[in-house]
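Below is one structure, written out as structure tokens; comments come after it.
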Amino acid sequence: MIDFSLNEDLELIVDTIRSFSNERVLPKIRTFESDRRVDGEVSREFAMAGFDRLELPESLGGSGLGMLARVLVNEEMGAVDPGAALALDRLGPAFYALEAFGGLNALAQFARPIVETEGKRAVLVLESDSTFDVEHGRVSGAVPWIPSGRADLVVILSDTGARVVEHGSSLQPLRGSGLRAAGSASLRLEHAPVIAQWQDPRKAAQALAKARLYAASLLLGVLRGASEFSRNYAMNREAFGRPIAHHQGLAFLIVDMYTAVESVRLLVHDAALKIDSGEDGTQHAAAAFVEAVEASRFIGPNGVQILGGHGFMQDYPVEKAMRESRALGLWMGGIDRARDDAGKFLE
Amino acid sequence: MDFEIDKELRREIEETREWGEREVRPAGLEADRNGAPLPIDHPYFRRYLEHGGGRTRWHGPGAEPARGSSGGGVLKSVIIGEEISYWDRGMTIANPGVGLPEGIVLASATEEQKERFLGPFLKPDRPRWASFALTEPGGGSDTANFKTRARRDGKHWILTGAKCFIGNASRADWILVQANADPEKGRSGQRAFFVEQGTPGLGGFKIEKKMGLKAYESTSFTLEECRIPENNLLGEAGRSAEKSDGGEKSSKGYKSTMSTLNASRPGVAASAIGIARAALDESIAFARANDLVKQVRVRDRLELFQRKLRAAWLMVLKSAWLADQGKPNIVEASMGKVYAAEIAQDIATLAMELLGVVGARGDHLIEKLYRDVKALNIVEGTGQIQRVIMGRQLVGLPR
Ligand SMILES: Cc1cc2nc3c(=O)[nH]c(=O)nc-3n(C[C@H](O)[C@H](O)[C@H](O)COP(=O)(O)OP(=O)(O)OC[C@H]3O[C@@H](n4cnc5c(N)ncnc54)[C@H](O)[C@@H]3O)c2cc1C
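Protein chains in written order, with numbering that gives the first Met the number 0: chain A, 0 to 346; chain B, 0 to 398.
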């Protein structure tokens with residue numbers, strides 16, 4: 000039956016990750032950004048709490064949680080620092096391709112070593128964003144950007160299947176527009192041996208759906224963070240004899256931003272519930288991603304706008320949110336591809 | 000009615016384009032990469048002087064003031080300004096010269112002040128800057144409510160307060176500082192003062208780290224019992240604010256500042272257009288190079304960019320034309336600024352989507368434009384303030 004509340008377990012998870020992100024991550028967001036990485040202590044604490052293996056099955060030492068838990072965690076982390084979120088969750092959405100195609104075996108073989116070795120990172124790249132040639136079981140090609148400074152395992156997801164590569168990749172560091180705490184690089188594969196590959200368009204769609212939801216929930220967090228920060232700011236800053244929030248021109252903007260965040264959240268939760276219940280969530284995940292990206296076009300720049308000149312300065316987090324929300328919206332195939340997938344069901 | 004640009008001006012645009020492409024774009028990219036304005040001894044600034052830049056529009060003692068920022072009317076200055084912003088908006092502010100305060104000084108300064116403060120910019124021996132300080136940490140939109148104070152002390156004024164986000168402040172020969180000489184009178188107590196670099200009490204310069212427009216410095220500073228000669232009070236040399244009676248005359252300081260901002264609005268709007276046009280051109284080039292133009296979603300975006308950009312440009316041209324005709328343009332100038340700045344933001348935002356993951360690399364011009372353009376809806380009156388101004392005119396919105 001309809002119920003918008005979280006059960007106790009999920010509530011506890013949200014409380015825990017919220018405290019972690021506010022207490023451990025928030026004070027260091029600009030340091031992480033300029034260092035292009037998250038410090039070891041914070042990483043270890045994140046892992047100690049089990050957040051680095053949230054969806055890994057219990058039989059493999061993980062928490063075995065589902066998509067709803069994932070999007071709740073990502074919203075909290077995204078609200079503080081989506082780049083740090085990516086750096087800390089070292090499996091990232093690569094998990095979904097391994098899970099969809101290779102099940103427990105692939106997770107044991109490829110995912111577990113990543114979480115068990117400090118600093119290692121897996122990356123998921125979409126074939127549609129890149130150019131690849133495969134010859135004699137070896138893959139060559141280039142990915143213009145990944146939000147990572149390491150790629151110990153590369154999972155290439157196409158419309159029809161996936162390939163796994165462990166060696167033969169090299170990274171060229173980039174400045175990156177946003178998400179710098181995650182690292183930022185272009186990735187090149189040169190005759191990299193494919194160590195596993197699978198074909199199944201249905202599973203490819205499922206993996207992409209989850210990966211999109213992963214991105215959409217981080218984006219949701221960024222948008223919430225920017226909206227809440229600017230709302231609080233507007234309540235405390237005065238111009239023309241009252242809080243700026245009480246000028247209708249800003250009040251309406253603030254309520255529209257609030258509404259946009261809520262619409263994204265509901266669609267993200269809707270898709271996550273569908274996926275967790277075993278339904279085909281591909282359309283809903285694509286729709287949630289589209290909604291999140293559209294909202295980001297509106298909220299990113301307006302979060303800055305509400306702070307006026309201060310918003311443009313790097314002393315405040317809203318300019319960071321404007322950059323990061325844009326970068327996240329380009330990830331996982333971007334809005335156009337998601338729109339195609341969300342609308343495909345109309346045919 | 001005619002929306003064409005004549006041959007003579009077209010030639011000037013072409014010259015600007017050549018300079019912009021060769022010098023301005025690379026300089027802007029260099030500053031953005033370094034995350035800091037070019038140092039004052041950067042060879043670009045010398046070349047800018049040799050190119051004829053950095054000079055005042057004032058023609059020397061006794062000369063009539065020139066109109067528009069390049070002396071040929073508002074329309075012309077807007078058109079040239081758009082072209083130069085196309086190559087780099089940040090560099091247009093970073094360029095040596097009197098810059099923002101020039102209009103207000105030309106309109107309100109005494110001849111003696113023009114000679115003293117604009118004179119060195121007639122044939123500058125080195126790159127020189129000036130600066131205009133209105134905004135304060137406590138607020139920029141509510142211009143009548145600035146907290147910086149000016150107190151009379153014999154033949155001096157003593158200024159106390161703080162300013163922030165001020166363009167070129169730490170490298171300026173002088174800063175035109177807005178301060179209130181008579182707080183009880185509110186906005187009518189406001190005056191502008193020339194504060195020369197090196198004046199004791201002027202200090203605490205901090206160059207802000209910004210999201211974009213990194214090519215010029217936006218600086219906060221403080222005025223602590225900063226003593227300046229009485230004839231550094233703009234316009235009313237030697238006269239104390241207390242002596243001037245209320246009403247029209249005494250609010251001149253505030254009014255002249257505001258009228259300068261009104262006049263510069265089409266220029267700010269034009270620079271947003273310049274940025275947006277650069278984003279459009281880069282988008283088209285990227286779409287063509289990657290064989291995307293036939294994709295309907297890509298084409299829809301490019302069509303939208305072109306259509307909105309044209310509407311915005313015509314709006315801005317009309318506001319400039321009205322100014323040249325001596326006709327009221329308050330609504331048009333505000334409309335053009337808010338429309339151009341917001342459309343330019345939308346164009347840069349959507350252009351990032353066109354690039355896909357390439358946009359996230361942080362090394363594409365469109366990514367820089369996305370960061371730069373945001374400021375245009377904030378500086379010199381935010382989008383909300385432009386709407387308030389229009390609202391007052393169109394529906395009698397009360398103050
Ligand atoms: C890159 C850059 C360069 C700058 N250069 C200079 C410079 O050289 N000299 C200078 O003096 N200043 C400069 N500024 C400052 C700029 O002019 C101010 O930032 C601007 O006027 C807004 O003031 P504020 O930042 O204090 O915002 P606030 O006035 O605090 O406004 C905050 C928010 O409240 C909104 N708001 C305020 N009043 C109302 C209302 N009545 N109705 C609805 N909404 C309202 C604003 O639109 C904004 O969204 C610069 C700023 C930037 C970003």
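Glycine included, each C-beta is placed from N, C-alpha and C at the ideal position.
All of these numbers come straight from a predicted model, not from anything done at the bench.
(request) Mind listing the chain A neighbours of A168 of chain B? Cutoff is C-beta to C-beta under 7 Å, in chain order. (result) Here residue 168 of chain B refers to the residue found at position 169 of the second sequence. Per Cβ cutoff of 7 Å: no residues; A168 of chain B is ~14 Å from chain A at best.
(message) Could you compute how far the alpha carbon of I78 of chain B sits from the alpha carbon of Q304 of chain A?
(response) Mapped onto the second sequence, residue 78 of chain B falls at position 79. Mapped onto the first sequence, residue 304 of chain A falls at position 305. Spanning the two alpha carbons is a distance of roughly 27 Å.
(message) Between K209 of chain B and S219 of chain B, how many whole angstroms is the CB-CB distance? I'm expecting something under 8 Å.
(response) Numbered from its first residue, the second sequence carries residue 209 of chain B at position 210. Numbered from its first residue, the second sequence carries residue 219 of chain B at position 220. With a Cβ gap of about 12 Å, K209 of chain B and S219 of chain B do not count as contacting.
(request) Tell me, please, whether the CB atom of I283 of chain B is closer than 8 Å to any CB atom in chain A? (result) To locate residue 283 of chain B, count along the second sequence from 1; it is residue 284. I283 of chain B does not count as touching chain A.
(request) Have a look at A:H283, A:A203, A:H245, A:E10 and flag the residue whose alpha-carbon is nearest the alpha-carbon of V124 of chain A. (result) Sequence index remark: in the first sequence, residue 124 of chain A carries index 125 (1-based). Out of A:H283, A:A203, A:H245, A:E10, the CA that lies nearest to the CA of V124 of chain A is found in A:A203.
(message) Output needed for R179 of chain A: all residues of its chain with C-beta closer than 6 Å, excluding positions within five of it in sequence on either side, in chain order.
(response) Against the first sequence, residue 179 of chain A aligns to sequence position 180. So the qualifying residues of the chain are E32, R35, G82.
(message) Looking only at its chain, what residues have a beta carbon closer than 8 Å to the beta carbon of L173 of chain A, apart from the 5 residues adjacent to it on each side?
(response) Working through the first sequence from its first residue, we reach residue 173 of chain A at position 174. Answer for L173 of chain A: W144, S183, A184, S185, listed in chain order.
(request) Please state if the CB of A150 of chain A and the CB of S168 of chain A are separated by a distance shorter than 8 Å. (result) For the purposes of this step, residue 168 of chain A is taken as residue 169 along the first sequence, with counting starting at 1. For the purposes of this step, residue 150 of chain A is taken as residue 151 along the first sequence, with counting starting at 1. A150 of chain A is positioned such that its CB atom lies closer than 8 Å to that of S168 of chain A.
(request) Report yes if the C-beta distance between L308 of chain B and Q112 of chain B is below 8 Å; otherwise report no. (result) The sequence position of residue 308 of chain B within the second sequence is 309, counting from 1. The sequence position of residue 112 of chain B within the second sequence is 113, counting from 1. The answer is no: Cβ separation not under 8 Å.
(request) Measure the alpha-carbon distance for H166 of chain A versus V372 of chain B and round it to whole angstroms. (result) As a first step, residue 166 of chain A must be located in the first sequence, where it is residue number 167. As a first step, residue 372 of chain B must be located in the second sequence, where it is residue number 373. The straight-line gap from Cα to Cα measures roughly 42 Å.
(request) Look at the alpha carbon of I283 of chain B and the alpha carbon of L53 of chain A, and state the distance between them as a whole number of angstroms. (result) Within the second sequence, numbered from 1, the residue matching residue 283 of chain B stands at position 284. Within the first sequence, numbered from 1, the residue matching residue 53 of chain A stands at position 54. If I take the Cα positions, the gap works out to 43 Å.
(message) Taking the straight line between their C-alpha atoms, what separation do you get for S157 of chain A and A285 of chain A?
(response) Position 158 of the first sequence, counted from the first residue, corresponds to residue 157 of chain A. Position 286 of the first sequence, counted from the first residue, corresponds to residue 285 of chain A. If I take the Cα positions, the gap works out to 16 Å.
(message) Spatial neighbours of A141 of chain A within its chain, please: C-beta separation below 8 Å, excluding the five flanking residues on both sides.
(response) Working through the first sequence from its first residue, we reach residue 141 of chain A at position 142. Sequence-distant Cβ neighbours of A141 of chain A in its own chain, meaning closer than 8 Å and more than five residues away, are S129, T130, S185, L186, R187, L188.
(message) I'd like to know whether the C-beta atoms of T147 of chain B and N167 of chain B end up nearer to each other than 8 Å.
(response) Counting from 1 along the second sequence, the entry for residue 147 of chain B is found at position 148. Counting from 1 along the second sequence, the entry for residue 167 of chain B is found at position 168. Not closer than 8 Å, so no.
(message) Helix, strand or coil for S176 of chain A? Go by DSSP, reduced to three states.
(response) Indexing the first sequence from 1 puts residue 176 of chain A at position 177. Three-state DSSP puts S176 of chain A in coil, outside helix and strand.
(message) Is there a Cβ of chain B sitting closer than 8 Å to that of D80 of chain A, yes or no?
(response) Working through the first sequence from its first residue, we reach residue 80 of chain A at position 81. False, the Cβ-Cβ gap to chain B never drops below 8 Å.
(request) State the DSSP-derived secondary structure class of A144 of chain B, mapped to helix, strand or coil. (result) Within the second sequence, the letter at position 145 stands for residue 144 of chain B. The question names Ala, but residue 144 of chain B is Asn in the sequence shown. Helix.
(request) Compute the minimum distance between the beta carbon of F164 of chain B and the heavy atoms of ligand 1, and state whether it is under 7 Å. (result) Counting from one through the second sequence, the residue named residue 164 of chain B turns up at place 165. Yes.
(message) Between which residues of its own chain and P126 of chain B is the CB-CB distance below 8 Å, once the five residues before and five after are set aside?
(response) Against the second sequence, residue 126 of chain B aligns to sequence position 127. So the qualifying residues of the chain are I39, F44, R45, Y47, L48, G53, P95.
(message) Between R370 of chain B and ligand 1, is there a pair consisting of the residue's CB and a ligand heavy atom that are separated by less than 7 Å?
(response) Stepping through the second sequence from its first residue, residue 370 of chain B is reached at position 371. False, no ligand heavy atom lies under 7 Å from that Cβ.
(message) Please return the same chain residues whose Cβ sits closer than 6 Å to the Cβ of D323 of chain B, not counting the five positions on each side in sequence.
(response) Position 324 of the second sequence holds residue 323 of chain B. Correct list, in chain order: G72, V73, L74.
(request) Out of B:Q385, B:A143, B:K213, B:L133, state which residue places its alpha-carbon closest to the alpha-carbon of I174 of chain B. (result) Start at 1 with the first residue of the second sequence, and residue 174 of chain B comes out as number 175. The residue with the shortest Cα to Cα distance from I174 of chain B is B:L133.
(request) Give me the Cα-Cα distance between L25 of chain A and I298 of chain A, rounded to the nearest whole angstrom. (result) Taking the first sequence and counting its residues from 1, the one referred to as residue 25 of chain A is at position 26. Taking the first sequence and counting its residues from 1, the one referred to as residue 298 of chain A is at position 299. So the alpha carbons of these two residues sit roughly 20 Å apart.
(request) Helix, strand or coil for H155 of chain B, going by three-state DSSP, please let me know. (result) Stepping through the second sequence from its first residue, residue 155 of chain B is reached at position 156. In this structure, H155 of chain B counts as strand in the three-state DSSP scheme.
(request) Look up S62 of chain A in the DSSP assignment and say whether it is helix, strand or coil. (result) By 1-based counting over the first sequence, the position of residue 62 of chain A is 63. Three-state DSSP puts S62 of chain A in coil, outside helix and strand.
(message) Which runs of the alpha helix (DSSP H) at least 4 residues long sit entirely within the stretch 76 to 118 of chain B? Give them in chain order.
(response) Runs of the alpha helix (DSSP H) inside the stretch 76 to 118 of chain B: 101 to 107.
(request) Identify each residue in the stretch 375 to 388 of chain B for which the Cβ-Cβ distance to at least one residue of chain A is less than 8 Å, and report them in chain order. (result) Those would be N376, I377, V378, T381, G382, Q383, R386, V387, in chain order.
(request) Could you pull out every unbroken alpha helix (DSSP H) segment of at least 4 residues lying fully inside the stretch 235 to 286 of chain A, listed in chain order? (result) The stretch 235 to 286 of chain A contains these whole alpha helix (DSSP H) runs: 247 to 275.
(request) Given a cut-off of 8 Å, decide if A250 of chain A and A259 of chain A are closer than it, judged by their beta-carbon atoms. (result) Here residue 259 of chain A is taken as the residue at index 260 of the first sequence, counted from 1. Here residue 250 of chain A is taken as the residue at index 251 of the first sequence, counted from 1. Cβ atoms of A259 of chain A and A250 of chain A: not closer than 8 Å.
(message) By the 8 Å beta-carbon criterion, what residues does the stretch 338 to 372 of chain B contribute toward chain A?
(response) Residues of the stretch 338 to 372 of chain B that bring their beta carbon within less than 8 Å of a beta carbon in chain A comprise Q344, D345, T348, L349, M351, E352, L354, G355, V356, V357, G358, A359, R360, G361, D362, E366, Y369, R370, in sequence order.
(message) Which runs of the alpha helix (DSSP H) at least 4 residues long sit entirely within the stretch 330 to 392 of chain B? Give them in chain order.
(response) Runs of the alpha helix (DSSP H) inside the stretch 330 to 392 of chain B: 364 to 372.
(message) Less than 6 Å between C-beta atoms, sequence neighbours within five positions excluded: which residues of the same chain meet that for G203 of chain B?
(response) Residue numbering aside, residue 203 of chain B sits at position 204 when the second sequence is read from its first letter. In its chain, beyond the 5 residues on either side, F220, T221 have a beta carbon closer than 6 Å to the beta carbon of G203 of chain B.
(request) Measure how close the beta-carbons of S333 of chain B and Q383 of chain B come, nearest whole angstrom, since I'm counting them as under 8 Å. (result) On the second sequence, residue 333 of chain B is found 334 positions in, with the first residue counted as 1. On the second sequence, residue 383 of chain B is found 384 positions in, with the first residue counted as 1. Not quite, the Cβ-Cβ distance comes to about 11 Å (not below 8 Å), so this is no contact.
(request) Measure from the C-beta of M210 of chain B to each C-beta in chain A and report whether the shortest distance is under 8 Å. (result) As a first step, residue 210 of chain B must be located in the second sequence, where it is residue number 211. Interface criterion met: the Cβ of M210 of chain B is under 8 Å from a Cβ in chain A.
(request) Grab me the residues of V349 of chain A's own chain with a C-beta within less than 6 Å of its C-beta, minus the 5 sequence neighbours each way, in chain order. (result) No answer is possible for residue 349 of chain A: it lies beyond the span of chain A, which begins at 0 and ends at 346.
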